[in-house]
Structure formats: structure tokens, C-alpha cells
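Colleague: Just so we're aligned: 380 in my numbering is position 183 of the sequence shown, and the numbers increase by one with no gaps anywhere. For reference, the structure I am asking about is given below.
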Amino acid sequence: MSFPPRFLDDIRARASLADVISKRVKLTRKGREHVGLCPFHNEKSPSFTVNEDKGFYHCFGCGAHGDVISFVMNTQGSTFPEAVERLAAEAGLEVPVESPEERERSKLRAGLHDVMEMACRWYQQRLHDASGRDALDYLRGRSLDDKTISRFRLGYAPGSASGGDSLEAALRAQGVTPEQLLEAGLMRRPDDGRAPYPFFRDRVMFPIADRRGRVIAFGGRVMGEAKAAKYLNSPDTPLFDKGRTLYNAAAAREALQEHKGESGGDLVVVEGYMDVIALSRAGMNAAVAPLGTAMTEDHLGELWRLTPEPVLCFDGDTAGQRAAGRAAERALPVLRPGKSLRFAVLPTGEDPDSLIATEGPAAMRRIIESARPLSDLLWDMEAHARPVDTPERRADLEARLNGRVREIADESVQGHYRTMFKDRLWAAFRGRGGSRQNNQRGSGGRGPERGANGGGAVGNPGAHVLARTAPLRANRRRQQAILATLINQPVLRDEIDEVLAGFEFDPDLDNLRQQLQNLFSNDWGLDVASIKAHLEIGDSARVLEGVLSSQVYQLAPFARPDALLDDARRVIAEIFGRSVFERQKEELRDLGRSTTDEAKVFAAGREAVENDRRLADIDD
């Protein structure tokens, strides 16, 4: 009995080699591999290795070598069909019955790899002849040198080649049949019965390879201002399924193997071909991209074959948030121990290509290093989606989080998510329920980590005066201390909002303040590392260095990264209150000069004195 090659690939992808082998062999993890005593010969020292990433086992003692199917056959005495059926049942796959038509397609498919390789070489040649001059100029205008163009095997599909100069003629001269050209997605047959024509015309060509590095499809970027789609991928073929294929997967696997165990060896998932190429040129070769489609379960399976926790890169705007949310939702049902996702947020309006071009590779590395785990993203999605200022609304948040947890199929992972969310709910709301201060917050309350005491402006006296007075002044060190606190304690962002609005900042610090508030307005719930990574880009880096300096921390220890949250909250209130008090003293002097109403002057003076008794200033 024979099985379709794609079905066998499915089994190898879904059946964890280490899990299957560990049922018979005690395995110990060693780097990216597992080792144990060989089940095929007697030995006292382990020489049997399992490479989950590459999908094979190997014994250096007896030479045994194979994949998950051959292991089941050799250890259980199964035939090939029996091993396939057993693994398919464990993976929840239905075994297909190969029809005579499918057998014919298998024969045709066997030669399609050669056809695609021929086409790739032809496109490469066209890029460097007269017909591809504009396409080559375009690539060089995108800062791609000849080495990069050659490494990614970029090419050009002419827009008007015909007769002996066409792709069809060139490949047919090498024995390729018209049926193979159609089957490979290189030619398209019109619905009206006319002769087939090239699928790609006047496009820069990006070869798409399978996990073994064989060309299975192409992506084409249109030249000029044509009305056609800017990017076009090959149609699904016997070799290519865009819902399970990742651009640059084979090269990314090699890069991960070369740098395994090293820092910075992350697998990065970006949006398009040029982003992958830009990362590679910047020294980050472990980069892949889906092919014009949303992340699928098959994509996730491919990613996890490469690395346990790939980093998904998204724009920081609303569309990027939605895309990240969809990827998170797609991942939940298929999470399993050790397999998850991390999320990196790009500055709004930037993609990896543009960011590297303007800010350099270091800026992109900082973004990747600041990637946050899936669990954090899920928390922020729900905690900041609706107000949580009443018991009922907090109960709704808990219900929504529990709903997310129930989507996780793996019981162990589900249990850990449930425990983590319970802990975070308790930490977020402890001491907040029912307080007078919290009740005054109204329906505008934000997510729980956006102000752990639930108040409006850190609960300080006199906060209401900001709505009717000019901005308050504070010396530069106070301004820096406020911003340092906000960066190092982002959970205070809502509480400090009114403080920020009430102060007048120096121009360079005000620019940094605006960038901070723009980051927070996107509701990403960024952590400290992510905030710093965004602010270190561009002209703000120097200002940020001054804000987070030892001089500021020495003067204002509450602004340090390791300061207690309550201390930071209290002293920010004191800074704000002191500035209010100074304003009141100034208003009192003005009032004394402009009125003879002693009662008004006395009342204003008493309010100022009472505030002064409550507040302590930090050293100037």
C-alpha cells in the first residue's frame, strides 16, 4: 500500500520524534538534541541521538538511522503501512486511500521539482540580461548587492517574452511537457479556452523552497505601476501549499543549527520577502515569512519544528495588534509543553526593512530581544479591552481569561495558564475593591495593571486644580525623575497621566513624554525592555540616557528599576502635590495683592499650609 507523499510529511511533522522514542528509550536533553542508550544494540554509554529539528535518530555505535516511521517499524515489528496507520491514529490524521488518479499525480509530481529548478535558473538568467535591467536596478535601489541577489536566487519574469524567448519554449526544449508547466503553476489556462500563458509576467521573482531547500513555488513582485496585485504567489500545486509553507525555512533551519545555544539565535517571523532578506543582510539569517496568508496551525507546526519559541514581529498600530491577536488565538489550541510564541512590536509605520535601513541592525535586535511571551499578550488583550472598575467588570475579565484558557487543549499547559491568570488577577485587584478612591474612578477605568491603586492621578490632594490652571513647573531633575519612573514602572501609566498633563516639560523631555504616551495609547501593555527598545531609536536615545542616568537615580531612588511600586507612587504624588502647593503660594500672594477680602485670603492660606504638612519634597 502506498501513501501520498504529503500525507507522510504530515505524519513526520505532527508526530514528535522525541515523544515516540521516549516511550521506549530514556532520553536526556543535551542542547538541541536528546541522547540515550540505543534500543538496537547493547551498550553501556549512550551513543543514540535524536534530532527533533531535523526529524531523525542516529546511533554512533551501530549506525542505526531513520525517522519516526522507521523507528516504529524497527521497534514494534510493524510493516510500513502498519507503522503509518498507528502514527496517523495517534496524530488524529485520517489515512487517505490512494486512487488510481492519485497514483498518476504522484508520478507527475516526481518530476516537478526538476521543472521548478529549471524555471528558477531561467528567471535568474533573465534578471541579468537586457530584459531584466529595470528589475535589477529596482533590487539594487533596495540596497541588495550581487551576493544577496545570488544567495536568494532572485530573478525576473519578462512581461512580453514570446516564441523561442519564453519560459515555455525554454523548458519544453529541455523535455518539460505542457501538463507539467500547468501542474507546476508556471503557466495558466484561461477559462475561455485560449492558449495557456505565463503565470508570472513582468515581476521580480523570489523562489520559495521546501524544508529541504528544493524550489517548489515562486513569489513575484510587480514592476512599475501596473494594476495587477503588487505581490503574487504561485497557486497551490502538488508541491506547494501556501497555508503550510514558510519563505526561507530551509536557510533559517541552517542558521539556527549554526548558532544553537548562542544569544541572539532567535527565529523571527516577519511579513514579507524583503523583510526576510533585510534581516539576513543585517546578520539575522534565522528569519521566515508566511506567504500572503494569516498564520495557520500548519505554519505553527513548521515553526515549532525549527525552534520552541519563535518571535512573531508585528507593527505597533491597530492593524498590527489585530494580527498579533489572531496569531495568539490560532496558537492556543495547539500549545504544548515547551512550545509557544513570543511577540515583538515594531514602531508604528516601520517594517524590519525600513527600520534597519534608517536605524541600523542594532535597533532591530533590540526589538527582537524585547519580545514578550504569548501569556503576556493574552493578558493584555483581555485586561485592557474593557474597563475593570467594578466587581462585575472584573468578574467579566476573569470569565474572558478562563475562556481563553479553555481553548488550550493540552491539560498541563492549560493548568499553568489558569494558575498564572489567577495570580495576576489577585495581584492586580488586591486592595482595590470597594475603596472610596476606587469608587470615584467611574466607568473610564482601564486595565488592572494600568494603575494598581485604581485612582485617577495617584490619589494626590489638589489634583483637580489642573483642569483650571496653567501647567506646573518643575526643575529638570524632577522632570527626569517622573519620566524615569514611568519607564521603569509602566503599570503606573494611567495614574501618572494627569501628572504628565499638568506639568510643563523642557522641549526635549516633552518629546520623550509624547513618545511614551503614544506607545501606551496603543494598549500593547509594553514591558520595560520593550519601552526602552522603542525609545532608543532615533534622536531620543541621548535624552533617554540622561533620564535613566545614575545621577537621576541617586537623587530620586524611587525612580530606579528595582524601586518598590508603592514608593514610586507615593513620591510621584509628593512631587505633584509640592508643585500644586507652590502654585497655591503664588496664587495666595497674587490674591493678597488684589483683594481686601481677608476671609478669602485666610482660607486660601490655610489650604496651602494643610497641603504643605502632608507633602514631602525630594531634594532638588
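Even glycine gets a Cβ: it sits at the ideal position worked out from N, Cα and C. Treat the numbers as computed from the prediction; the structure is a model and nothing was measured.
1. Go to glycine 233, then tell me how far its alpha helix (DSSP H) extends in each direction, as first and last residue.
2. Pick from Phe511, Glu526 and Gly557: whose alpha carbon is nearest that of glycine 546?
3. Would you give the residue range spanned by the alpha helix (DSSP H) that histidine 325 belongs to?
4. I need the straight-line Cα distance from leucine 488 to serine 267, nearest angstrom please.
5. So, using beta-carbon positions, are tyrosine 470 and methionine 402 closer together than 7 Å?
6. Are alanine 212 and alanine 288 close, meaning C-beta to C-beta below 7 Å?
7. For glutamine 677, count neighbouring Cβ atoms within 10 angstroms of its own Cβ and tell me buried if that reaches 16, exposed if not.
8. Less than 7 Å between C-beta atoms, sequence neighbours within five positions excluded: which residues of the same chain meet that for leucine 532?
9. According to DSSP, is histidine 613 part of a helix, a strand, or is it coil?
10. Starting from the N-terminal side, write out each stretch of the beta strand (DSSP E) that is 3 residues or longer and does not extend beyond the segment 236 to 286.
11. Could you tell me the distance, in whole angstroms, from the CA atom of arginine 615 to the CA atom of valine 419?
12. Any idea what DSSP makes of glutamate 547, helix, strand or coil?
13. Would you check if the distance between the CB atom of proline 558 and the CB atom of arginine 539 is smaller than 7 Å?
14. With C-beta atoms as the reference, is histidine 731 less than 7 Å away from leucine 709?
15. Hey, out of Cys235, Leu224 and Asn239, whose CA is closest to glycine 249's CA?
16. Go ahead and label proline 758 buried or exposed: buried means 16 or more other beta carbons lie within 10 angstroms of its beta carbon, across all protein chains shown.
17. Since I believe alanine 446 is in contact with glutamate 494 (beta carbons under 8 Å), could you give me their beta-carbon distance rounded to a whole number of angstroms?
18. Give me the DSSP bridge partner(s) of phenylalanine 403.
19. Does valine 465 come out as helix, strand or coil in the three-state DSSP assignment?
20. Report the rounded CA-to-CA distance for arginine 527 versus glutamate 506, giving the unit in angstroms.
21. Does valine 602 come out as helix, strand or coil in the three-state DSSP assignment?
22. Got a sec? Which residues, its chain only, sit under 7 Å from glutamate 468 by beta carbon, not counting five neighbours each side?
23. To the nearest angstrom, how far is the alpha carbon of leucine 752 from that of aspartate 764?
24. My output table needs one value for asparagine 685: the three-state DSSP class, helix, strand or coil.
25. So what does DSSP say about asparagine 217, is it helix, strand or coil?
26. Can you give the beta carbon distance from leucine 509 to alanine 521, rounded, assuming they're within the 8 Å contact cut?
27. How big is the Cα-Cα spacing for arginine 441 and glutamine 711?
28. Quick check on lysine 536: does DSSP put it in helix, strand or coil?
29. Look up phenylalanine 511 in the DSSP assignment and give the residues it is bridged to.
30. Beta-carbon separation of leucine 598 and phenylalanine 626 under 7 Å?
31. On the three-pair Cβ rule with 8 Å, is the segment 386 to 402 touching the segment 342 to 355?
32. In the structure shown, what three-state DSSP assignment does lysine 227 receive?
33. Does the segment 330 to 343 come close enough to the segment 273 to 281 to have 3 or more Cβ pairs within less than 8 Å?
34. Can you tell me whether alanine 805 is buried or exposed, with buried defined as 16 or more other CB within 10 angstroms of its CB?
Modeller: Answer, in terms of the structure:
1. Looking at the DSSP string, glycine 233 is not in any alpha helix (DSSP H); the run it does join, the beta strand (DSSP E), is 230 to 233.
2. Comparing Cα-Cα distances from glycine 546 to each of Phe511, Glu526 and Gly557, the minimum goes to Phe511.
3. Neither: histidine 325 is in no alpha helix (DSSP H) and is coded neither H nor E.
4. Each residue's alpha carbon lies about 32 Å from the other.
5. No Cβ-Cβ contact shorter than 7 Å links tyrosine 470 with methionine 402.
6. Taking 7 Å as the cut-off, the Cβ atoms of alanine 212 and alanine 288 count as close.
7. Only buried fits glutamine 677, as 16 or more other CB atoms lie within 10 angstroms of its CB.
8. Correct list, in chain order: Ile605, Asp607 and Val610.
9. Secondary structure at histidine 613: helix, using DSSP grouped into helix, strand and coil.
10. Within the segment 236 to 286, the runs of beta strand (DSSP E) that reach at least 3 residues and sit entirely inside it are, in chain order, 245 to 248 and 253 to 256.
11. Cα-Cα distance, rounded: 48 Å.
12. Correct three-state label for glutamate 547: coil.
13. Cβ atoms of proline 558 and arginine 539: not closer than 7 Å.
14. Taking 7 Å as the Cβ cut-off, histidine 731 and leucine 709 do not qualify as a contacting pair.
15. Before going further, note that residue 249 is glutamate rather than glycine in the sequence given. Here the closest residue by C-alpha is Leu224.
16. Proline 758 should be labelled exposed.
17. Their Cβ separation, rounded to whole angstroms, is 16 Å, which puts glutamate 494 and alanine 446 out of contact at 8 Å.
18. When DSSP reads this structure, phenylalanine 403 sits in a beta bridge with Gly416.
19. DSSP places valine 465 in strand when its eight states are reduced to three.
20. Approximately 15 Å between the Cα atoms of the pair.
21. In the three-state DSSP reduction, valine 602 falls in the helix class (H, G or I).
22. Cβ contact annotation for glutamate 468 (same chain, cutoff 7 Å, sequence separation greater than five): Ala486 and Asp548, in chain order.
23. For leucine 752 and aspartate 764, the gap between their C-alpha atoms comes out near 14 Å.
24. Note: asparagine 685 maps to helix in three-state DSSP.
25. With the sequence shown as reference, residue 217 is identified as valine, and asparagine is not the correct amino acid for it. Taken through DSSP and simplified to helix, strand or coil, valine 217 comes out as helix.
26. Confirmed, about 7 Å.
27. Using only the alpha carbons, I get a separation of about 41 Å.
28. DSSP, read as helix, strand or coil, puts lysine 536 in strand.
29. Under the DSSP definition of a beta bridge, phenylalanine 511 partners with Val542.
30. Taking 7 Å as the Cβ cut-off, leucine 598 and phenylalanine 626 do not qualify as a contacting pair.
31. Short answer: they touch.
32. In this structure, lysine 227 counts as strand in the three-state DSSP scheme.
33. Cβ pair count under 8 Å is below three, so no.
34. With a pLDDT of 47 at alanine 805, under the threshold of 50, the modelled position of this residue cannot be trusted; read the value that follows with caution. With at least 16 other beta carbons inside 10 angstroms of its own, alanine 805 counts as buried.
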